[in-house]
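Colleague: Attaching a single structure in structure tokens format; questions to follow.
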Amino acid sequence: MQSLSVPRVGCIFSVSSRPRLFIRRVLPQLRPVLAISIAYLLGSIPCGYLVVRAKENVDIRQTGSGGTGATNVTRSAGKAAGALTLLLDALKGTVAVLIAAWLLSAPGMGEHTNATLISAAWGVAAAALAVIIGHIFPVWLRFRGGKGVATGVGVFLVLMPAVLGIAALIFVAIVLLTRYVSLGSMVAALSIPVLALLKYKLVSPHPDIAPLMAVAVIGALLIVCAHRENVGRLVQGRESKFR
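For the sequence shown, the working numbering puts the final residue at 264, and the numbers step up evenly by one.
If you want it as structure tokens, here you go:
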């Protein structure tokens, strides 16, 4: 009888240890994937579409430029709807980055070494880009969304607020001079990598400059590429001006 009790106890111990083993060894490896997935799904929430549908019972994709961002919402449903869309889209970016930062640095999820901290920084960077991609290519609207500007604002508000502040001033200056929101958005987006490099390389050296620069460069390119139709209209002189 005793010879049978040993494997039985061992089996019980093995089963009971599996959740702990999963938490200690497997779950930490899944956190970046979870953070990126949450960020993309958050970014995919079509705030502009939902706001206009609720207010006007209209499909925003069938009006104006067809975009779901705050600019087209303002033209189609008024300034209040546009402001609400801007706030909600920016909030998506902020929340996605904060969730990623929490997931990748949560206590009890493994020992934090230099390697894990570097991995966490890149994980947050990937989540930051995922929420912008989700806004531009939302799964809920067949991958046709906004331009990524407001969501990018929410991202950079957390990651590099000082850089965002200067970029916002550039945006305002361009819009006041030209009355083109799209042009102001693109110039401001392209200024972010330059400003980030100056700040985090020269003015205030940052240990995580590589992931920060990755977000700045790729994020800016995503926003500019999302404005490709606007570029065509600007060249042809058919782009709508802000009034």
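Quick reminder that beta carbons are idealized off the backbone N, C-alpha and C, glycines included. Small disclaimer: the values here were computed from a predicted structure and weren't measured.
Under 6 Å Cβ to Cβ from Ala98, same chain only, skipping five residues before and after it: list those, please.
Modeller: Closer than 6 Å at Cβ, skipping near neighbours: Val73, Lys76, Glu77.
Colleague: I need the straight-line Cα distance from His156 to Val224, nearest angstrom please.
Modeller: Rounded to the nearest angstrom, the two C-alpha atoms are 32 Å apart.
Colleague: Hey, Ala241 and Leu219 are a contact pair by Cβ (cut 8 Å); roughly how many whole angstroms apart?
Modeller: With 8 Å as the limit, Ala241 and Leu219 do not qualify as a contact, their Cβ atoms being about 15 Å apart.
Colleague: Going straight from the alpha carbon of Val176 to that of Ala149, what length do you get?
Modeller: So the two alpha carbons sit approximately 6 Å from each other.
Colleague: For Val30, which residues of its own chain have a beta-carbon under 8 Å away from its beta-carbon, when the five flanking residues on both sides are left out?
Modeller: With a pLDDT of 40 at Val30, under the threshold of 50, the modelled position of that residue is not reliable, and no figure is offered here.
Colleague: Output the residue ranges of the alpha helix (DSSP H) runs that lie fully inside the stretch 177 to 244 and measure 4 residues or longer, sorted by chain position.
Modeller: If we require 4 residues or more, the alpha helix (DSSP H) runs fully inside the stretch 177 to 244 come out as 182 to 199, 202 to 218.
Colleague: Could you tell me how far apart the beta carbons of Val118 and Val179 are, in whole angstroms, since I believe they sit closer than 8 Å?
Modeller: Right, the Cβ-Cβ distance comes to about 4 Å (below 8 Å), so this counts as a contact.
Colleague: Considering only their Cβ atoms, is the gap separating Gly166 from Thr89 smaller than 8 Å?
Modeller: Yes, the pair counts as a contact, with Cβ atoms nearer than the cut-off.
Colleague: What does a CB cutoff of less than 7 Å around Gly129 pick up in its chain, not counting 5 residues either side in sequence?
Modeller: Low local confidence applies: a pLDDT of 43 at Gly129 is under 50, so the model's placement there is unreliable, with the coordinate-based value given in what follows. Closer than 7 Å at the Cβ level, and outside the excluded window around Gly129, lies no residue.
Colleague: Got a sec, what are the start and stop residues for the alpha helix (DSSP H) Thr89 sits in?
Modeller: Here Thr89 belongs to no alpha helix (DSSP H), and DSSP marks it neither H nor E.
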